[in-house]
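Chain order of the listed sequences is C and U.
All letters in the first sequence, in the order written, are residues 25 to 217 by the numbering used here.
All letters in the second sequence, in the order written, are residues 25 to 217 by the numbering used here.
Glycine included, each C-beta is placed from N, C-alpha and C at the ideal position.
In this text the structure is predicted, and so the values were computed from the model without any measurement.
Following: one structure in structure tokens, then a few remarks.
There are 2 protein chains.
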Amino acid sequence: MTVKYLLENNFKVTSYKKGEVIYEPDMHPKAVYFIKSGRVKMVTVNDDGKEFIQGIFKASEYFGEPALLLNKPYLAYTIATQDTEIIPVRKEEFLKLIEDLKGFSMKLIQTLSNRLFYKSMMLEELANEQAEHRIRTLISYLFKDAAQGEELKITRQQLADMSGLRVETVIRIVKKLASQQEIKLMKGKVVKL
Amino acid sequence: MTVKYLLENNFKVTSYKKGEVIYEPDMHPKAVYFIKSGRVKMVTVNDDGKEFIQGIFKASEYFGEPALLLNKPYLAYTIATQDTEIIPVRKEEFLKLIEDLKGFSMKLIQTLSNRLFYKSMMLEELANEQAEHRIRTLISYLFKDAAQGEELKITRQQLADMSGLRVETVIRIVKKLASQQEIKLMKGKVVKL
DNA sequence: GGCAATTTATGATGCAGATCATACTTTATA
DNA sequence: TATAAAGTATGATCTGCATCATAAATTGCC
Numbered sequence: 025m026t027v028k029y030l031l032e033n034n035f036k037v038t039s040y041k042k043g044e045v046i047y048e049p050d051m052h053p054k055a056v057y058f059i060k061s062g063r064v065k066m067v068t069v070n071d072d073g074k075e076f077i078q079g080i081f082k083a084s085e086y087f088g089e090p091a092l093l094l095n096k097p098y099l100a101y102t103i104a105t106q107d108t109e110i111i112p113v114r115k116e117e118f119l120k121l122i123e124d125l126k127g128f129s130m131k132l133i134q135t136l137s138n139r140l141f142y143k144s145m146m147l148e149e150l151a152n153e154q155a156e157h158r159i160r161t162l163i164s165y166l167f168k169d170a171a172q173g174e175e176l177k178i179t180r181q182q183l184a185d186m187s188g189l190r191v192e193t194v195i196r197i198v199k200k201l202a203s204q205q206e207i208k209l210m211k212g213k214v215v216k217l
Numbered sequence: 025m026t027v028k029y030l031l032e033n034n035f036k037v038t039s040y041k042k043g044e045v046i047y048e049p050d051m052h053p054k055a056v057y058f059i060k061s062g063r064v065k066m067v068t069v070n071d072d073g074k075e076f077i078q079g080i081f082k083a084s085e086y087f088g089e090p091a092l093l094l095n096k097p098y099l100a101y102t103i104a105t106q107d108t109e110i111i112p113v114r115k116e117e118f119l120k121l122i123e124d125l126k127g128f129s130m131k132l133i134q135t136l137s138n139r140l141f142y143k144s145m146m147l148e149e150l151a152n153e154q155a156e157h158r159i160r161t162l163i164s165y166l167f168k169d170a171a172q173g174e175e176l177k178i179t180r181q182q183l184a185d186m187s188g189l190r191v192e193t194v195i196r197i198v199k200k201l202a203s204q205q206e207i208k209l210m211k212g213k214v215v216k217l
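Quick look at the structure:
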């Protein structure tokens, strides 16, 4: 996997504390960010200060390529949601990865395609579906690769910020889904059944 | 441009009448579709039959690669919104384009990145912004490369289906924007000023 | 050029989810 | 092991846009 390759080739690791900003809107992209460990959220913030979570990135994933490759300023903030180690790969080096690293370019195309699938799904939900349907779809997407009994590492507020709803609404719906046995709650955490 | 290359290499052209369906949800992808002439909309339809327009594709553009490259069934319908000529490129041939055609792979990555930008922008709008803001953003995006005086080739219904609003709402807002001199109306068509 | 279909227009009413307020529970941290 | 902070919970009220109804203007087409 690419992070291992980068470490073997002496790329440097940068540490970010929980809450630290990696980049913000309007900045000119300088690198692609590979996550060695930790967790990062990508959020856009509107004029009223409301956040929308565009995506959540975990260890071994990377982010920030679209803006870099299009030479456009970032639209979003990326923020470490826990202590995180990141390997920044500068543009020329990233382009070299695409050229040289066998299969990397196809992998990147598939990564972008997966993100498009997710965004298409959410657009459809936000455009046409009621609150309950949105949360059902979102939770089942987030549980996609999870085992039975596993718990969501995501708060109600984050579900709200991903679905365009308010926390109170998400809380009410999650309770309802639990009462209908669609999910289980343990100490407030959503658990897959 | 790639369509020219395909025509020179004897790829076959298929014709679709206005309203004809090119592919539909759950179908297994067989090809990538290059548009020689015409116009195609990509729409998802929910259980109540409400449409959401995921994208609109014009001559020289192509669609359908993400599902093909991920080996996933389509999520959306693609429908010719006028008489359209299409060059279907089968998977092996498309993979060959990526491998062989110099620069094609990077172009594809940029195309996917642009679609991600659009979807991120619209997600933010649908999640957090009021109707008027959504329509402003959408219209200015659609007019991005247009000259002053050019008219939108898009109906109120289509704006509604792209923004998650109802036609009536879009009509009221478009009238308001016109009255505020943000756009001009000529025989009902939205014109850039 | 005339008729049908599509698109635009406008008013009246209803409702899902936002907003506001207030409290309880779980988790972090000093 | 306190105590603060973050997250979950619940009720009451308010509102932007959907929905419904009905008509006028524009476009397509034989």
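Do you know how far the Cα of residue j is from the Cα of residue i?
i	j	result
R63 (chain C)	A104 (chain C)	6 Å
S61 (chain U)	K199 (chain U)	32 Å
I178 (chain U)	S164 (chain U)	13 Å
L30 (chain U)	L119 (chain C)	27 Å
E48 (chain U)	A100 (chain U)	6 Å
Y86 (chain U)	S203 (chain C)	46 Å
D72 (chain C)	E153 (chain U)	9 Å
R218 (chain C)	R158 (chain U)	Residue 218 (chain C) lies beyond the residue range present for chain C, which begins at 25 and ends at 217; the question has no answer from this structure.
L217 (chain C)	L166 (chain C)	13 Å
L121 (chain C)	K36 (chain C)	16 Å
N34 (chain U)	L125 (chain U)	16 Å
V67 (chain U)	T38 (chain U)	21 Å
I197 (chain C)	Q205 (chain U)	42 Å
K28 (chain U)	V45 (chain U)	24 Å
T108 (chain C)	A171 (chain U)	46 Å
N70 (chain U)	E116 (chain C)	43 Å
I195 (chain C)	Q78 (chain U)	29 Å
T102 (chain U)	Y40 (chain U)	11 Å
N95 (chain U)	E32 (chain U)	29 Å
Check this for me: beta carbons of residue i and residue j, under 8 Å apart or not?
i	j	result
L136 (chain U)	I133 (chain C)	yes
D20 (chain C)	P97 (chain C)	Since the first residue of chain C shown is 25 and the last is 217, residue 20 (chain C) is not available in this structure.
M130 (chain U)	S84 (chain U)	no
L147 (chain U)	M186 (chain U)	no
Q106 (chain C)	K42 (chain C)	yes
F76 (chain U)	G188 (chain U)	yes
Excluding the five sequence neighbours on either side, which residues of its own chain have a C-beta within less than 7 Å of the C-beta of residue i, listed in chain order?
i	result
A82 (chain C)	Residue identity differs from the one stated: residue 82 (chain C) is Lys in this sequence, not Ala. Closer than 7 Å at Cβ, skipping near neighbours: I59, R63.
P53 (chain C)	G88, A91, L92, Y98
K74 (chain C)	none
Q182 (chain C)	I77
Can you find the residues in the same chain that come closer than 8 Å, C-beta to C-beta, to residue i, ignoring five residues on each side of it along the sequence?
i	result
V215 (chain U)	G173, E174, E175, L176, I207, K208, L209
T193 (chain U)	A155, A184
R190 (chain U)	A184
F128 (chain C)	T26, L121, I122
M145 (chain C)	T161, Y165
By Cβ distance, which residues of its chain are closer than 6 Å to residue i, with the 5 residues on each side in sequence left out?
i	result
I80 (chain C)	K65
L201 (chain C)	I207
Any heavy atom of the ligand ATP closer than 7 Å to the beta-carbon of residue i?
i	result
F167 (chain U)	The ligand ATP is not among the ligands present in this structure, which contains no ligands whatsoever.
**Study point:** Meets three-Cβ-pair contact criterion under 8 Å: the segment 129–143 of chain U and the segment 89–102 of chain C
**Key:** yes
Check your understanding: Does the count of Cβ pairs from the segment 50–57 of chain U and the segment 104–122 of chain U closer than 8 Å reach three?
Key -> yes
Practice item. With a floor of 3 residues, list each beta strand (DSSP E) that falls wholly inside the segment 26–65 of chain U, ordered by position along the chain. Key: 38–40, 45–47, 55–61
Exercise for review: Just list the alpha helix (DSSP H) runs in the segment 76–103 of chain C, keeping only unbroken ones of 4 residues or longer that don't cross its boundaries, in chain order.
Suggested key: 89–94
**Study point:** Complete runs of the beta strand (DSSP E) confined to the segment 125–166 of chain C [at least 3 residues]
**Key:** none
Check your understanding: If you scan the segment 164–190 of chain U from start to end, which runs of the alpha helix (DSSP H) of 4 or more residues do you find wholly inside it?
Key -> 180–187
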